[in-house]
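Below: one structure, written as structure tokens.
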Amino acid sequence: MIDPDECLDIPTQLPGVVTVTATGAKGLKSSFSNYGRGVIDIAAPGGDSTAYQTPAPPATSGLILGTLPGGSWGYMAGTSMASPHVAGVAALIKSTHPHASPALVKALLYAEADATACTDPYDINGDGKVDAVCEGPRNRNGFYGWGTADALDAVTR
Numbered sequence: 002m003i004d005p006d007e008c009l010d011i012p013t014q015l016p017g018v019v020t021v022t023a024t025g026a027k028g029l030k031s032s033f034s035n036y037g038r039g040v041i042d043i044a045a046p047g048g049d050s051t052a053y054q055t056p057a058p059p060a061t062s063g064l065i066l067g068t069l070p071g072g073s074w075g076y077m078a079g080t081s082m083a084s085p086h087v088a089g090v091a092a093l094i095k096s097t098h099p100h101a102s103p104a105l106v107k108a109l110l111y112a113e114a115d116a117t118a119c120t121d122p123y124d125i126n127g128d129g130k131v132d133a134v135c136e137g138p139r140n141r142n143g144f145y146g147w148g149t150a151d152a153l154d155a156v157t158r
């Protein structure tokens with residue numbers, strides 16, 4: 002049972018939880034994503050339409066193309082776009098290690114992530130003011146956690 006007086010960050014501190022942050026077209030933390038050491042476990046593409054993340058042509062936006070109700074498609078952004086990427090990589094790990102426990106799948110997910118260094122300065126609107134500070138080493142920091150989920154490495158290493 003979780004003691005509400007001792008718990009500082011839900012759902013991060015719950016057992017078995019994998020917290021996911023979103024990255025934009027340039028692979029940088031999305032403007033809307035949470036951050037903090039011990040808060041983020043892993044990163045994945047989630048889109049970001051801010052000028053800070055404007056993709057190179059021929060792309061027209063920094064959003065993720067996904068399915069919509071009724072069988073249509075649309076562009077979206079959010080950690081709700083990033084989390085399915087991570088769930089997919091976890092499923093690939095499970096398919097190549099069918100007897101792996103949930104703890105081992107989680108450990109492999111983190112071990113095969115591409116370490117992603119902190120972004121400094123993080124000024125998403127270009128006003129010269131730092132909007133967030135990333136702390137920690139390349140392989141475990143407050144913006145990207147263990148790194149960016151890597152589907153290929155997860156099934157080939």
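Read in the numbering used here, the sequence shown has 118 at position 117, and its numbers run on one by one without any break.
Glycine is no exception: its CB is placed at the ideal position from the N, C-alpha and C atoms.
Relative to the C-alpha of residue i, which candidate in the options has its C-alpha closest?
i: D121; options: L109, C135, G72; result: C135
i: A92; options: D10, T13, V156, I11; result: V156
i: Y1; options: T20, D10, P16; result: Residue 1 is absent from the structure shown; the chain starts at 2 and stops at 158.
i: A104; options: G72, G129, V18; result: V18
i: I41; options: N142, R158, G127; result: N142
i: T97; options: D154, P56, R38, G72; result: D154
i: A164; options: M82, G28, S84; result: The first residue shown for the chain is 2 and the last is 158, placing residue 164 beyond what the model contains.
i: L109; options: G127, L66, R158; result: R158
i: S84; options: G129, K130, V131, G67; result: G67
For residue i, I'd like the list of residues in its chain whose CB is within less than 8 angstroms of its CB, leaving aside the five on either flank, ordered along the chain.
i: K30; result: T22, A23, T24, Y36, A44, T120, Y123, A133, C135, F144, Y145
Is residue j closer than 7 angstroms to residue i when the C-beta atoms are compared?
i: A26; j: V90; result: no
i: L64; j: G48; result: yes
i: G137; j: R38; result: yes
State the beta-bridge partners of residue i as determined by DSSP.
i: G67; result: G75
i: Y123; result: A133
i: V90; result: None; V90 has no bridge partner.
i: V21; result: I43
i: K30; result: T24
i: N142; result: G146
i: D115; result: T149
Just to confirm my understanding: we take residue i, look at its own chain, exclude 5 residues before and 5 after, and list those with CB closer than 6 angstroms. What are they?
i: A118; result: R139
i: S160; result: For residue 160 there is no data in the structure shown, the boundaries of the chain being 2 and 158.
i: A116; result: R139, N140, G148
i: T13; result: T20, V40
If I'm right that residue i touches residue j with Cβ under 8 angstroms, what's the distance once you round it to whole angstroms?
i: S34; j: T80; result: 6 angstroms
i: V87; j: A150; result: 5 angstroms
i: Y53; j: S62; result: With 8 angstroms as the limit, Y53 and S62 do not qualify as a contact, their Cβ atoms being about 13 angstroms apart.
Tell me which residues share the same chain as residue i and place their Cβ nearer than 7 angstroms to its Cβ, disregarding the 5 neighbours each side in the sequence.
i: G95; result: Residue identity differs from the one stated: residue 95 is Lys in this sequence, not Gly. The residues are A101, V106.
i: A114; result: I43, W147, G148, T149, A150, D151
i: D131; result: It is Val, not Asp, that sits at residue 131 in the sequence shown. Cβ neighbours of V131 beyond the five flanking positions: P122, Y123, D124.
May I ask you to check if the CB of residue i is nearer than 6 angstroms to at least one heavy atom of the ligand GTP?
i: V90; result: Inclusion of the ligand GTP in the displayed structure is not the case, the ligand content being empty and no account of it being possible.
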